[in-house]
Amino acid sequence: MNEGLGLRILSEIMAWDDDQARREFSWLRLMSKLKYDGYRDFQAGMRFIESLGTWLQQFDPSERPTAYAFVRQSLIYVGQAEMNRLVEQFYPSVVRERIISMVAAEKGIPRYRVWADSDARDAADRLRRQTLFMGLSDGARIDGIRHSNVGILTNEQFVLATQLDEDKWQDLIDDLRKDLKDPDAQFRLVYLIDDFVGTGTSFHRWNEKKQKWSGKLSRFKESLENVVGALSAKVLSPDWELCVHHYIATHAGAGEMVRRVGDAKDALKTEGWTETINFSFGAVLPQDLPVDKSPAPFEGFIALTQKYYDPKIQTEHTDVGGVEHLGLGYGGCALPLVLEHNTPNNSVAILWAETEGGEATPAMRPLFRRRQRHS
Numbered sequence: 001m002n003e004g005l006g007l008r009i010l011s012e013i014m015a016w017d018d019d020q021a022r023r024e025f026s027w028l029r030l031m032s033k034l035k036y037d038g039y040r041d042f043q044a045g046m047r048f049i050e051s052l053g054t055w056l057q058q059f060d061p062s063e064r065p066t067a068y069a070f071v072r073q074s075l076i077y078v079g080q081a082e083m084n085r086l087v088e089q090f091y092p093s094v095v096r097e098r099i100i101s102m103v104a105a106e107k108g109i110p111r112y113r114v115w116a117d118s119d120a121r122d123a124a125d126r127l128r129r130q131t132l133f134m135g136l137s138d139g140a141r142i143d144g145i146r147h148s149n150v151g152i153l154t155n156e157q158f159v160l161a162t163q164l165d166e167d168k169w170q171d172l173i174d175d176l177r178k179d180l181k182d183p184d185a186q187f188r189l190v191y192l193i194d195d196f197v198g199t200g201t202s203f204h205r206w207n208e209k210k211q212k213w214s215g216k217l218s219r220f221k222e223s224l225e226n227v228v229g230a231l232s233a234k235v236l237s238p239d240w241e242l243c244v245h246h247y248i249a250t251h252a253g254a255g256e257m258v259r260r261v262g263d264a265k266d267a268l269k270t271e272g273w274t275e276t277i278n279f280s281f282g283a284v285l286p287q288d289l290p291v292d293k294s295p296a297p298f299e300g301f302i303a304l305t306q307k308y309y310d311p312k313i314q315t316e317h318t319d320v321g322g323v324e325h326l327g328l329g330y331g332g333c334a335l336p337l338v339l340e341h342n343t344p345n346n347s348v349a350i351l352w353a354e355t356e357g358g359e360a361t362p363a364m365r366p367l368f369r370r371r372q373r374h375s
């Protein structure tokens, strides 16, 4: 559908007069080109204006201004440029700063002296090569980190997943020792990287049914112990540190994730496991971002999340979030958030959910359809 036709249809759906249509068309054209058309998971041949028109038609005519106003005034869309910036800043703002701090502490010198002291500079270069980067999902954008740090980090420091076989671990340690010309070299920093944390439950949570901790951290630990323990070479140094980085986090999710890992400290403690787990975030969303934090301005929209809801979107995976009704999103996070490569299920469900409905339940049409990922 061409843009002009899409806008005319949208104007009819919203019952705009000519003056209002001109104002809205100007904004829609700008935001479509600047941001929304870049969303990766639109269906083939569809862009934002067509998706918006289809989405709005599921509401009663009297409800459409409320839904449109939410998109117009409250939606937060993190586009490709913003995500790329967070990826590009990861090494210089997070990793390099940690390396400098560690070397300064080990050498007993101020941080600003590290690059001026030849021994400290050599130690920083060595520690940089002793850093391993692992992706917790495809949202880690490992290729982006690698490409933005060509000549600083090597390809052999990056892996796309955290559960590796013996051969891969052996290759990693062999390459490290070859580069450092040290037959006993080991990794000292391991970074686990992901795009977004909403509640933190996918990373680390208590499984009531199994009565044990589960999630990405536990799976990484189990894989590490099962595989690395079988290798003749020691891959990780005795003082190795685990660093967990997310490009974007909710205020509540960042705090909860750190708290849960702290609660599990004794359970995690085994021979060879790190004593130190560090957390970092490219951006932490405001504490008052969820739409139910200030319900008055969003009262009408929150009502839509309850009315236009199909329980079919609930699964055993969503139950882990602790909230059965997903109208306000997984874990009841109530986020007005869309990421350019996918919409978090922590966002309000009518933004992303897609169902055929039933006799007693409405079909849900997404504005930014979501690819499901389970952890």
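Here the sequence shown is numbered in full-length UniProt numbering, starting from 1 and rising by one per residue. Heads up, the beta-carbon is just placed ideally off N, CA and C, and yes, glycines get one too. Because the structure is a prediction, the values reported are computed rather than measured.
- Under the three-state reduction of DSSP, S237 is assigned to strand.
- Where I313 is concerned, there is no enclosing alpha helix (DSSP H), because DSSP gives it neither an H nor an E.
- With contacts defined by Cβ atoms closer than 8 Å, T250 and L335 form a contacting pair.
- Taking D194 as the centre and dropping the five residues before and after it, the same chain places the C-beta of L136, S137, G139, A140, H246 closer than 7 Å to its C-beta, in chain order.
- Separation of P362 and R22 (C-alpha to C-alpha, rounded to the nearest whole angstrom) is 32 Å.
- The C-beta of L231 has fewer than 16 other C-beta atoms within 10 Å across all chains shown, which makes the residue exposed.
- In terms of CA proximity to R29, L52 leads the group A15, L52, V94.
- In this structure, A105 keeps its C-beta atom at 8 Å or more from the C-beta atom of V114.
- Distances from the CA of G45 to each of N2, V87, I9, W213 were compared; the closest alpha carbon is that of N2.
- The three-state reading of DSSP puts W206 in strand, counting E and B together.
- Of the other Cβ atoms in all chains shown, fewer than 16 fall within 10 Å of the Cβ of S74; this residue is therefore exposed.
- Scanning its chain for C-beta atoms nearer than 6 Å, with the 5 sequence neighbours on each side dropped, one finds around F279 the residues V244, V258, in chain order.
- Between T162 and V320, the gap from beta carbon to beta carbon reaches 8 Å or more.
- The C-beta distance from L192 to F220 rounds to 7 Å, short enough to fall under 8 Å.
- Residues of the same chain with a CB within less than 6 Å of the CB of G229, apart from the 5 flanking positions on each side, do not exist.
- Taken atom to atom, the span from the alpha-carbon of V261 to that of L268 is near 9 Å.
- Judged by DSSP in its simplified three-state form, M364 adopts coil rather than helix or strand.
- Beta-bridge pairing by DSSP links M134 to V159, L192.
- Within a 10 Å sphere around the beta-carbon of T276 sit fewer than 16 other beta-carbons, which makes this residue exposed.
- Two segments are said to touch when three or more pairs of C-beta atoms, one from each, lie closer than 8 Å; by this definition the segment 60-69 does not touch the segment 35-45.
- Assignment of V150 by DSSP, reduced to helix, strand and coil, places it in the strand class.
- Secondary structure note for W169: its alpha helix (DSSP H) is the uninterrupted segment 166-180.
- For G282, the closest C-alpha among the options I248, L351, Y68 is that of I248.
- Between the segment 87-102 and the segment 293-306 there are fewer than three inter-stretch CB-CB distances shorter than 8 Å, so the stretches are not counted as touching.
- One thing to note: L326 has its Cβ no nearer than 8 Å to the Cβ of I76.
- Here L34 is exposed, its C-beta having fewer than 16 other C-beta atoms within 10 Å.
- Look at I109 here: in three-state DSSP terms it is coil, with no helix or strand label.
- Spatial neighbours of L160 in its own chain (CB-CB distance under 7 Å, excluding positions within 5 residues in sequence) are listed in chain order as G135, I142.
- For N278, the enclosing beta strand (DSSP E) stretches over residues 277-284.
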